[in-house]
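When we follow the UniProt record's numbering, the leftmost residue of the sequence shown carries the number 1, and every step to the right adds one.
Structure first, then comments.
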Amino acid sequence: MKKVIGQLKKDGKRWKEPIQRYKGLGEMDADQLRETTMDPEHRTLRRITMKDVTKAEAMFELLMGNEVAPRKDFISNADIDRERIDA
């Protein structure tokens, strides 16, 4: 998060304090949701497309499915950029 804030400052961006991170929209109250998600002045929409639906479905099943062992193995052995993980 510090890296992101540093880049925002470098780019001359402005924001309201504090910056919060939500795991899902259900964690936000109605006013926050209206301002950050529904207001066209404050939101950014991006179209996401998939080239290989079968591969995407398999990845969703691996990451979100009921089987823990394959997910744990994937996470342990994946070439993950640990700098991007905010824990």
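Even glycine gets a Cβ: it sits at the ideal position worked out from N, Cα and C.
Work out the CA separation of residue j and residue i for me, nearest whole Å.
{"i": "Ala78", "j": "Met64", "result": "16 Å"}
{"i": "Glu41", "j": "Val4", "result": "21 Å"}
{"i": "Thr54", "j": "Ile48", "result": "16 Å"}
{"i": "Ala56", "j": "Met38", "result": "28 Å"}
Helix or strand or just coil, what does DSSP make of residue i?
{"i": "Asn66", "result": "coil"}
{"i": "Ile75", "result": "helix"}
{"i": "Met59", "result": "helix"}
{"i": "Asp81", "result": "coil"}
{"i": "Thr54", "result": "helix"}
{"i": "Gln32", "result": "helix"}
{"i": "Leu25", "result": "helix"}
{"i": "Met38", "result": "helix"}
Less than 8 Å separating the beta-carbons of residue i and residue j?
{"i": "Thr36", "j": "Arg43", "result": "yes"}
{"i": "Trp15", "j": "Leu8", "result": "yes"}
Considering only the alpha carbon of each residue, which of the options lies closest to residue i?
{"i": "Tyr22", "options": "Ile80, Trp15, Arg14 and Leu33", "result": "Leu33"}
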